[in-house]
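Just below is one structure, and these are the notes that go with it.
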């Protein structure tokens, strides 16, 4: 009852207070867990009404908490909440189990967590038999397209933006790194939103309620899984196989709603660089005709025109997309889906990238600062804000006159009294600026803080990647076991066992090739990002008249293995300038 009251009040208040909903649901969950641990008599003393343990099950409440975080674009938090449910998913009703898995798949894709995606997909594959690849694909190659646009992880999960450092020369000359815009994360949530409404308790023997607008029993689960497979292959940049799989999805989607399949096909052509074809597929999808998806259409079209170098057209389209999102928020009462359909922050990030490319650092910085509500844990966001500061300096837009405290990176505090008086220095870590009501003005000290934040987040990301690499062997075993179980369940003739094992092996090869290729791409992206950060750090420290730190950053840049030629050149230039300022002309 308390659970249903919390949800009813949330909708009564036009979905305006998500924080209160989360607090109420967490309270209900805690009470349910406490009641479940107590003896049944203690829960309802002096009553003849029978009470069973399942009435205190907190699965529905936990799922609703995760759904709420998903609508708030907090995909990593959503995924962490669903993990315990997934570990104990076998006893659950099939309907609710499917919803948990679908929500986890959407969140994992948004977080760019390929390992978690495969873990959940393996469970669904075991149940519905939709694997990766077929026996005829054994001879196919897993090579990636050489001109594939690189994208870095986000978001939210569905969301960090997909940046790419494609042109070292452009980065060196203007401080800008070209990037793929937030294209895939936006379009990939359309199907997810159809399934994700809060779940309510149903009396009597039907405890679990369908979440989405349509009953899960009427959903073609194999089509859903086929679309998820395409999204996974796009995430891991396996473009060749994704092209075949999206054709298969189009065949399955005949006489059904094929808008999602067409959007994925458009994204595939976008990744291939076939921008004209991507535009045609977007138009054919028909999503521009609906209010809730017209913003996604304009955003994706703006991304394509940005890649074509037509910045004015892209700017107009992004503005239209923002107006579409604004109209969604004007619904009265506000629908729950309006929260997750509101892609205004993602589109605002795209506007920032566009303004930066157009040489408008002040406007770009405003966009990035607004987008920090979503992307504050993404290293590239902080690099972009630092680039805004540097570009503003080059254009003479910064206020002159840095104080000595601004030039110094060291912050000292005095603690204690008398003989116990001590000096304490702050450790360099992450400085919370994202989501601040009042951002500091663009300046070189702000650029330093942003670069430091970006480096800190990059190092954390690298550490997480290393820890996940330790899970590769167990994951491989898990996938093998899943495939063998799946094939053995569907076949009872010994004569077909060899063929089934071959298919299972091919599935495993495709998965491992996709994961290894994705890991290599991520490693190259992070390596390029680190080069850009160190080069910008050296430049900023020189401008702040701190040659020691500039020399340290330049030397760190030169010591990186496989450093690109333009950054090697910049590293030598900045190191020489720092040595001159340190009165070491011979070394310079």
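In the working numbering, the protein residues as written are 3 to 590. A virtual CB, placed ideally from N, CA and C, is assigned to each residue, including glycine.
> Which residue comes first and which comes last in the alpha helix (DSSP H) that contains residue 246?
Replying inline: Indexing the chain shown from 1 puts residue 246 at position 244. Looking at the DSSP string, the run of the alpha helix (DSSP H) that includes residue 246 is 241-254.
> For residue 262, which option in 283, 118, 243, 274 has the closest C-alpha, if you only look at C-alpha atoms?
Replying inline: Within the chain shown, residue 262 is the residue found at index 260, counting from 1. Selected option, being the one with the closest Cα: 283.
> Can you tell which of 547, 570, 417 has the C-alpha that lies nearest to the C-alpha of residue 580?
Replying inline: On the chain shown, residue 580 is found 578 positions in, with the first residue counted as 1. Nearest in C-alpha terms to residue 580, of all of 547, 570, 417, is 547.
> I think residue 545 touches residue 555, with their Cβ atoms under 8 Å apart; what is that distance to the nearest whole Å?
Replying inline: In the chain shown, counting from the first residue as 1, residue 545 sits at position 543. In the chain shown, counting from the first residue as 1, residue 555 sits at position 553. Incorrect: roughly 12 Å between the Cβ atoms, too far for contact.
> So the alpha helix (DSSP H) residue 84 belongs to, where does it begin and stop?
Replying inline: By one-based count along the chain shown, residue 84 stands at place 82. Residues 77-89.
> What is the rounded straight-line gap between the Cα of residue 180 and the Cα of residue 588?
Replying inline: On the chain shown, residue 180 is found 178 positions in, with the first residue counted as 1. On the chain shown, residue 588 is found 586 positions in, with the first residue counted as 1. Below a pLDDT of 50, predicted positions are generally treated as unreliable, and residue 180, at 38, falls in that range; no measurement from the model is reported.
> Roughly how many angstroms separate the alpha carbons of residue 586 and residue 461, rounded to a whole number?
Replying inline: Residue 586 sits at position 584 when you count from the first residue of the chain shown. Residue 461 sits at position 459 when you count from the first residue of the chain shown. Going by the C-alpha atoms only, they are around 32 Å apart.
> Looking at C-alpha atoms only, which residue of 390, 565, 19 is the closest neighbour of residue 448?
Replying inline: Numbered from its first residue, the chain shown carries residue 448 at position 446. Ranking 390, 565, 19 by CA distance to the CA of residue 448 puts 390 first.
> Taking the C-alpha atoms as reference points, what is the distance between residue 308 and residue 576?
Replying inline: Indexing the chain shown from 1 puts residue 308 at position 306. Indexing the chain shown from 1 puts residue 576 at position 574. Here the alpha carbon of residue 308 sits roughly 32 Å from the alpha carbon of residue 576.
>> Across the stretch 518-528 and the stretch 233-242, are there enough close Cβ pairs to call them in contact, namely three or more that are closer than 8 Å?
In response: Yes, they touch.
> If we count the other Cβ atoms within 10 Å of its Cβ and call it buried at 16 or more, is residue 3 buried or exposed?
Replying inline: The count along the chain shown starts at 1 and reaches residue 3 at position 1. The residue in question, residue 3, is exposed, as its Cβ has fewer than 16 Cβ neighbours within 10 Å.
> Looking at the C-beta of residue 347, does it have a partner C-beta in chain B at a distance below 8 Å?
Replying inline: The chain labelled as chain B is not found in the depicted structure, where only one protein chain is given.
>> Taking the beta carbon of residue 84 as the centre, do at least 16 other beta carbons fall within 10 Å, making it buried, or is it exposed?
In response: Walking along the chain shown from the start, residue 84 turns up at place 82. The Cβ neighbour count for residue 84, taken over all protein chains shown within 10 Å, is at least 16; the residue is labelled buried.
> Taking C-alpha atoms, which residue in 111, 17, 103, 578 lies nearest to residue 78?
Replying inline: Numbered from its first residue, the chain shown carries residue 78 at position 76. Taking only the C-alpha atoms, the option nearest residue 78 is 111.
> Using CA coordinates, which residue listed in 343, 394, 302 is at the minimum distance from residue 357?
Replying inline: Here residue 357 refers to the residue found at position 355 when the chain shown is read from its first residue. Answer by Cα proximity: 394.
> Taking the continuous alpha helix (DSSP H) assigned at residue 258, which residues delimit it?
Replying inline: Within the chain shown, residue 258 is the residue found at index 256, counting from 1. Per DSSP, residue 258 belongs to no alpha helix (DSSP H) and is neither H nor E.
>> Can you tell me whether residue 466 is buried or exposed? The criterion is at least 16 other CB atoms within 10 Å of its CB, across all chains shown.
In response: Locating residue 466 in the chain shown gives position 464, counting from the first residue. Residue 466 comes out exposed.
> Is it buried or exposed for residue 533, if we count other Cβ within 10 angstroms and need 16 for buried?
Replying inline: Indexing the chain shown from 1 puts residue 533 at position 531. Buried, because 16 or more other Cβ atoms sit within 10 Å of the Cβ of residue 533.
> What's the gap between the Cα of residue 104 and the Cα of residue 126?
Replying inline: Position 102 of the chain shown, counting from 1, holds the residue named residue 104. Position 124 of the chain shown, counting from 1, holds the residue named residue 126. Using only the alpha carbons, I get a separation of about 9 Å.
>> For residue 375 and residue 452, I'd like the C-alpha separation in whole angstroms.
In response: Counting from one through the chain shown, the residue named residue 375 turns up at place 373. Counting from one through the chain shown, the residue named residue 452 turns up at place 450. Each residue's Cα considered, the two are about 15 Å apart.
>> Please state the DSSP three-state secondary structure of residue 33.
In response: By one-based count along the chain shown, residue 33 stands at place 31. Looking at residue 33 - three-state DSSP - the assignment turns out to be helix.
> Around the Cβ of residue 325, are there at least 16 other Cβ atoms within 10 angstroms (buried) or fewer (exposed)?
Replying inline: Walking along the chain shown from the start, residue 325 turns up at place 323. Exposed.
>> Please return the same chain residues whose Cβ sits closer than 7 Å to the Cβ of residue 316, not counting the five positions on each side in sequence.
In response: The sequence position of residue 316 within the chain shown is 314, counting from 1. Taking C-beta separations shorter than 7 Å and ignoring five residues to either side along the sequence, the partners of residue 316 in its chain run 304, 307, 308, 356, following chain order.
> Taking the C-alpha atoms as reference points, what is the distance between residue 458 and residue 464?
Replying inline: Position 456 of the chain shown, counted from the first residue, corresponds to residue 458. Position 462 of the chain shown, counted from the first residue, corresponds to residue 464. Spanning the two alpha carbons is a distance of roughly 10 Å.
> Where does residue 424 fall in DSSP's three states?
Replying inline: Against the chain shown, residue 424 aligns to sequence position 422. If DSSP states are grouped into helix, strand and coil, residue 424 belongs with the strands.
> How long is the line joining the alpha carbons of residue 88 and residue 420, rounded to whole angstroms?
Replying inline: Against the chain shown, residue 88 aligns to sequence position 86. Against the chain shown, residue 420 aligns to sequence position 418. Approximately 58 Å, taken between the alpha carbons.
> Quick one: Cα of residue 102 to Cα of residue 75, how far?
Replying inline: Indexing the chain shown from 1 puts residue 102 at position 100. Indexing the chain shown from 1 puts residue 75 at position 73. Their Cα atoms are separated by approximately 17 Å.
>> Is the beta carbon of residue 319 closer than 8 Å to that of residue 300?
In response: Along the chain shown, read from residue 1 onward, the residue named residue 300 stands at position 298. Along the chain shown, read from residue 1 onward, the residue named residue 319 stands at position 317. Against a cut-off of 8 Å, the Cβ pair of residue 319 and residue 300 comes out as a contact.
>> Short of 7 Å in beta carbon distance, which residues of its chain neighbour residue 277, apart from the five on each side in sequence? Order them along the chain.
In response: Taking the chain shown and counting its residues from 1, the one referred to as residue 277 is at position 275. Correct list, in chain order: 306, 309, 310.
> From residue 233 to residue 515, what does the alpha carbon distance come to, in whole angstroms?
Replying inline: Residue mapping note: residue 233 aligns to position 231 of the chain shown, counting from 1. Residue mapping note: residue 515 aligns to position 513 of the chain shown, counting from 1. If I take the Cα positions, the gap works out to 16 Å.
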